[in-house]
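*Asks:* Taking this note's numbering, I'd label the letters of the sequence shown as residues 118 to 538. Each residue gets a CB set at the ideal place from its N, CA and C atoms; glycine is no exception. These numbers come from a predicted model, not from an experiment.
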Amino acid sequence: MEAVAATFAIPDWIAAGLSNGVYERAGGVIREAGSKQVIAWLKEVALPNLSSSTIPSIDPVTGALNLAISSANLGVSVKGFSEVKQQLGVVQQNLQQVQGSLQITSASSLLNLGFSVIGFAVVMHRLKGLEKRLQKAQEVLNKVNYKIDLSFYANFRAALDLATNAFSMSQPAASKSMAVQAINRFLEAEHIYVDYADKELERASQIADEYLLTLALAYISEARCYLELEETDAALRRLQDGSNVLRPRIRKYVKLLLTSNPAIYLHPRFKDKVDLARLTKVFQWLEPNLDEKAVFELQRENLFKLALEQDKWIETLPAAILDRAEVKEGWFGPDLDDLRRKAVRQLPKAMEVMESMIETNDRFEAYQEEVKAIKELGISFHDWMKLAPDQEAQPEGTNLMYIIPASSNDRSTSIGSLDSN
């Protein structure tokens, strides 16, 4: 346990490295930008002195970070409400400062930063959110007589209940037997949702991302079972298998949302919402060597086509961005004015979805680094979960914990090379 130390305060040398580009955040880890060597792991923690209703959480439907404040939930009097508001102001200021340096707020994700934070109850919460998203999408798809199969979500929930019960049992043999049953159900879910995701990707569908996220949750649940059983090698192997399945499909989905003419995201209508820097970050995830100048050069001809063809680009948008079932019918097909209005509304959202899926992929891959660290340190998963700052009070407004090598006060060492294989 002496090999790592936990702290609520981001070390100065890490903050400086993030500012000058020496370090970068990738999902739930901070690493060297060049070598990709991990130098710290991130883990969300509850905010101090606030009720559970005020803990920053990931919205199960949008994946966005929330600070839900309710005077009723806080149980405060009118006299004390100003004090609470002042406290929350400090919370939000500190959150913005820390998350700004880590670029956490630049894109939301359905996944937490730290793998150890995602228990079966959290997965259940996220899974129900995905079901709600699909139910909402069904309302639109009914217009074209397309049916979404939601039946297997009940089986996934049953597997999560089974896993929860397994690790609450006092008899090790019975616990392991039930855990194996849960693992088998998660394996079944993985096969089913790979098939669903592939079919929706081929359809360029608006629900492909929901199936990809469900698939990620299935792999996470299976790996979590192995960690609970202290089978670290098996957990790491399954997360690696999950990345091999997820990354090419997320890559395909991002390319789909970029459309045949990515320059549409630079259309003057979106100048206050999407800029070249945001578009470049998406391209850099696909091709790391690209910079803003290179991306602009790639889009130079596309920009000319955009100006020449005027509204023709709207007609080429895939259903993943704009399903024609959502557009009013005119005399000769979809009403062009309604199509234009909805396209202008949907494209900035599509950019957010791309950023979110990229962030989700990065967090999933960072989970491997966390499990590698547990393995290389030779500690148990349950000891890793218990890591907390020693004799350090959690500052108000701090919802992140940094786990760093104990010998890295001079930033000269780190624990092995944890670069992905």
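Starting from M295, trace the alpha helix (DSSP H) in both directions and tell me its first and last residue.
*Replies:* Per DSSP, M295 belongs to the alpha helix (DSSP H) from P289 to E319.
*Asks:* If we count the other Cβ atoms within 10 Å of its Cβ and call it buried at 16 or more, is D389 buried or exposed?
*Replies:* Burial call: exposed.
*Asks:* Just checking, does the segment 370-380 make contact with the segment 496-506 on the three C-beta pairs under 8 Å criterion?
*Replies:* The segment 370-380 vs the segment 496-506: no contact.
*Asks:* Comparing alpha-carbon positions, which option in T397, E319 and M474 lies nearest P435?
*Replies:* Measuring from the Cα of P435, the nearest candidate turns out to be E319.
*Asks:* Could you please give the first and the last residue of the uninterrupted beta strand (DSSP E) stretch that includes P365?
*Replies:* That residue, P365, is in no beta strand (DSSP E); its alpha helix (DSSP H) goes T349 to L375.
*Asks:* Going straight from the alpha carbon of V539 to that of L423, what length do you get?
*Replies:* A query on residue 539 cannot be resolved here, the shown segment of the chain reaching from 118 to 538 and no further.
*Asks:* Between the segment 268-282 and the segment 293-305, do at least 3 Cβ pairs fall closer than 8 Å?
*Replies:* Cβ pair count under 8 Å is three or more, so yes.
*Asks:* Could you tell me if D440 is buried or exposed, where buried requires 16 or more neighbouring beta carbons within 10 angstroms of its beta carbon?
*Replies:* With 16 or more other Cβ atoms within 10 Å, it is buried.
*Asks:* CB G231 to CB G145, shorter than 8 Å?
*Replies:* Cβ atoms of G231 and G145: closer than 8 Å.
*Asks:* Could you pull the DSSP bridge partners for A157 from this structure?
*Replies:* DSSP output for A157 lists I147 as bridge partner(s).
*Asks:* Based on Cα-Cα distance, which residue from E339, R364, A254 and L363 lies nearest to A352?
*Replies:* A352 has its Cα closest to that of E339, out of E339, R364, A254 and L363.
*Asks:* Identify the residues that DSSP records as bridge partners of V121: which are they?
*Replies:* Note: V121 sits in a beta bridge opposite P522.
*Asks:* On the DSSP bridge assignment, give the partners of Y140 in chain order.
*Replies:* DSSP, once it has assigned bridges, lists E149 as partnering Y140.
*Asks:* What does a CB cutoff of less than 7 Å around A126 pick up in its chain, not counting 5 residues either side in sequence?
*Replies:* Same-chain partners within the cutoff: there are none.
*Asks:* Can you find at least 3 beta carbon pairs, one from the segment 249-256 and one from the segment 320-332, that sit closer than 8 Å?
*Replies:* At 8 Å Cβ cutoff, the stretches touch.
*Asks:* Just reading off the alpha helix (DSSP H) that A380 is part of, what are its end residues?
*Replies:* Neither: A380 is in no alpha helix (DSSP H) and is coded neither H nor E.
*Asks:* Going by the beta-carbon positions, is the gap between L383 and T397 smaller than 8 Å?
*Replies:* No, they are not a contact pair.
*Asks:* Counting only the same chain and skipping the five closest in sequence on each side, list residues whose C-beta sits under 6 Å from that of L228.
*Replies:* Contacts found: T477 and R480.
*Asks:* Residues in the same chain with beta-carbon distance under 7 Å from E317, minus the five sequence neighbours each way, listed in chain order, please.
*Replies:* Result list for E317: I324, A325 and Y328, in chain order.
*Asks:* Along the chain, where does the alpha helix (DSSP H) containing R386 start, and where does it finish?
*Replies:* Unbroken run through R386: none, as it is neither H nor E.
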